[in-house]
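Notes to accompany the following structure.
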Amino acid sequence: MQALSFEPLTPTAFLDRAAAAHGDRVAIVDGGTRFTYTEFRDRCRRLAGSLSGLHDGRPVAVLVPNTHVGLEAAHAVPWSGVPLVAVNTRLSAREVAWILEHSRASVLVHDPVFDDLVAEATGLLGAAPRTVRVGPDYERLVADGEPTAVRPADERGLLSINYTSGTTGNPKGVMYHHRGAYLQALAMAGHTGLSPSSVHLWTLPMFHCNGWCFPWAVTAAAATHVCLPKVEPARIWELVREQGVTHLNGAPTVLSMIAYAPEAGPVRTPVAVATGGAPPSPAILRRMAELGFRVTHLYGLTETFGPAMICDWRPEWDELDGDEQARMKARQGVGNMISCAVRVIDDDGADVPPDATTTGQIALRGNNVMLGYLDDEQATRDAAPDGWFRTGDIGVMHPDGYVELRDRSKDVIISGGENIASVEVEQAIADHPAVLEVAVIAVPDDRWGEVPGAWVTLREGEAATEEEIVEHVRTRLARFKAPKRVTFGELPKTSTGKIQKFVLRDEAWAGQERRIR
Numbered sequence: 001m002q003a004l005s006f007e008p009l010t011p012t013a014f015l016d017r018a019a020a021a022h023g024d025r026v027a028i029v030d031g032g033t034r035f036t037y038t039e040f041r042d043r044c045r046r047l048a049g050s051l052s053g054l055h056d057g058r059p060v061a062v063l064v065p066n067t068h069v070g071l072e073a074a075h076a077v078p079w080s081g082v083p084l085v086a087v088n089t090r091l092s093a094r095e096v097a098w099i100l101e102h103s104r105a106s107v108l109v110h111d112p113v114f115d116d117l118v119a120e121a122t123g124l125l126g127a128a129p130r131t132v133r134v135g136p137d138y139e140r141l142v143a144d145g146e147p148t149a150v151r152p153a154d155e156r157g158l159l160s161i162n163y164t165s166g167t168t169g170n171p172k173g174v175m176y177h178h179r180g181a182y183l184q185a186l187a188m189a190g191h192t193g194l195s196p197s198s199v200h201l202w203t204l205p206m207f208h209c210n211g212w213c214f215p216w217a218v219t220a221a222a223a224t225h226v227c228l229p230k231v232e233p234a235r236i237w238e239l240v241r242e243q244g245v246t247h248l249n250g251a252p253t254v255l256s257m258i259a260y261a262p263e264a265g266p267v268r269t270p271v272a273v274a275t276g277g278a279p280p281s282p283a284i285l286r287r288m289a290e291l292g293f294r295v296t297h298l299y300g301l302t303e304t305f306g307p308a309m310i311c312d313w314r315p316e317w318d319e320l321d322g323d324e325q326a327r328m329k330a331r332q333g334v335g336n337m338i339s340c341a342v343r344v345i346d347d348d349g350a351d352v353p354p355d356a357t358t359t360g361q362i363a364l365r366g367n368n369v370m371l372g373y374l375d376d377e378q379a380t381r382d383a384a385p386d387g388w389f390r391t392g393d394i395g396v397m398h399p400d401g402y403v404e405l406r407d408r409s410k411d412v413i414i415s416g417g418e419n420i421a422s423v424e425v426e427q428a429i430a431d432h433p434a435v436l437e438v439a440v441i442a443v444p445d446d447r448w449g450e451v452p453g454a455w456v457t458l459r460e461g462e463a464a465t466e467e468e469i470v471e472h473v474r475t476r477l478a479r480f481k482a483p484k485r486v487t488f489g490e491l492p493k494t495s496t497g498k499i500q501k502f503v504l505r506d507e508a509w510a511g512q513e514r515r516i517r
């Protein structure tokens, strides 16, 4: 009997299907620009043809905000036969140069807003990649290209290289494969309920874990992409109402910006929101629910194509009161629908008991785990010594099989021999009516070694004192968990809205002989 032929899985195939089944429907809205799925596919194939004549088999890098160019690159670059390198738009010239050199990028497509950054970055390189500026040059490539669509010979072949935040030393190049991105896109479409009638607003950076694979997930559902180059609360609310947005993603800090914007008000139809990057506080979950946003908490890392776990909502939880529902939603949850296996393990690699109390490190294995770190075999072995990827996050396993993050291992505060979870203190502070967002870290203390210190951003027009914040925590947690120092002001963040605790640590521990982990 003749064996049947199977095509390797690749996320770019979703665009072929969307164009075939929904070609006349709107695929992309980018300001005044609109493309149907037929036009979207044609542009990507022509761009792929032009890029195949520019690159020499090495990756193509892209430095653009959330525009149609980012969506086109997610399809056209792999179709041209090489990996995609989506560069963080908030990096310095030196950091951009390092990524271009480390990834061996042969071509860099960039938006005009980054002209100066690109000039400085490429000036630092001995052999700079060829640059393509978005505008007439880019459109010429799209118009003149011979339609091309290279399919991977191996679905475990290299699709893209995504760089970690690099909070200690240079960032690592995380290698994604076609199979993982294909399955992750299906998982995201399924878990968030995307369909042809959905309208997805791009509040999550497309460069971040390839936008959690949503460039392919939204396309798989033949839904509409609405581009948003810059996260501005007023513009978000304008698009939500004008475009009939049904879906968006973002870190909890982005949700805070949306929820407490002057333009905020209940939406006519529910908006599905996926959030990750940090545990959302029950306070922000309650506020979003009041506005009609249905928030689902996701958990993952760059090494796992974005979300690897989801707080999958159970119908019986609908009967719980609001506070209890918010507490359940704040948990990280279970492995996503492509069967990412989740464990909480001790230092010996054994599972901790599912008692919601015993802490251990969260470990993952499955289809959406990276191939490894580019040119760093030792780091790859260290990350997964037994095939299970160590996340570095500390959590507990609940009896119902749901994981709850207790802390980043480096964020555990050990004060006078007592362990204090910074997340627990943050959520208590976030419940104060004047608080917009908060970060808690260990700060030095002559008596206890280290104690909790809080950095707080207040809501516009609200006021609170250090004493009020401390007392607020003491009414909710053990007194020793209350912050001994409260600093008010804006918090340092990454381009994805994640609070940069390492910046706060550097400030707090400057000049100290001992530094925390």
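Numbering (my numbering), first residue to last: 1 to 517.
No residue lacks a Cβ here, since even glycine has one placed at the ideal position from N, Cα and C.
Would you mind stating whether residue i and residue j have Cβ atoms separated by less than 8 Å?
i	j	result
residue 184	residue 276	no
residue 423	residue 342	no
residue 204	residue 212	yes
residue 19	residue 34	no
residue 452	residue 442	yes
residue 484	residue 446	no
residue 415	residue 502	no
residue 291	residue 259	yes
residue 336	residue 179	no
residue 466	residue 486	yes
residue 482	residue 473	yes
residue 199	residue 265	no
residue 425	residue 477	yes
What does a CB cutoff of less than 6 Å around residue i pick up in its chain, not counting 5 residues either side in sequence?
i	result
residue 106	55, 56, 58 and 129
residue 206	66 and 70
residue 80	48, 51 and 52
residue 510	none
residue 427	281
residue 114	63
Tell me which residues share the same chain as residue i and place their Cβ nearer than 7 Å to its Cβ, disregarding the 5 neighbours each side in the sequence.
i	result
residue 326	282, 285 and 286
residue 263	233, 234 and 237
residue 164	171, 172, 174 and 302
residue 376	172
residue 261	233, 234 and 237
residue 125	97, 100 and 101
residue 372	175 and 380
Does the Cβ of residue i have 16 or more other Cβ atoms within 10 Å, making it buried, or fewer, making it exposed?
i	result
residue 6	exposed
residue 167	Bear in mind that the predicted position of residue 167 carries a pLDDT of just 43, short of 50, making it unreliable; the figure below should be weighed with that in mind. Answer is exposed; the Cβ neighbour count stays below 16.
residue 317	exposed
residue 431	buried
residue 170	exposed
residue 11	buried
residue 230	exposed
residue 32	exposed
residue 90	exposed
residue 471	exposed
residue 146	exposed
residue 140	exposed
residue 27	buried
residue 339	exposed
residue 94	exposed
residue 103	buried
residue 332	buried
residue 210	buried
Between the Cα of residue i and the Cα atoms of the options, which residue gives the shortest distance?
i	options	result
residue 182	304, 29, 272 and 364	304
residue 504	491, 218 and 498	491
residue 160	196, 76 and 238	76
residue 232	247, 224, 210 and 255	255
residue 214	240, 187 and 236	187
residue 347	488, 358 and 493	358
residue 86	61, 249, 96 and 98	61
residue 190	199, 249 and 220	220
residue 132	82, 14 and 118	118
residue 355	338, 334, 384 and 398	398
residue 387	30, 364 and 401	364
What residues in its chain sit with their C-beta under 8 Å from that of residue i, if we drop five residues either side in the sequence?
i	result
residue 143	46
residue 25	36, 37, 196, 222 and 224
Pull up the CB-CB distance for residue i and residue j, whole angstroms please, since I reckon it's below 8 Å.
i	j	result
residue 252	residue 278	5 Å
residue 296	residue 273	7 Å
residue 374	residue 393	Contact doesn't hold; Cβ gap of about 23 Å is too wide.
residue 241	residue 270	Between residue 270 and residue 241 the Cβ distance is about 14 Å, and since that is not below 8 Å, they are no contact.
residue 369	residue 360	Not quite, the Cβ-Cβ distance comes to about 19 Å (not below 8 Å), so this is no contact.
residue 434	residue 462	4 Å
residue 334	residue 310	7 Å
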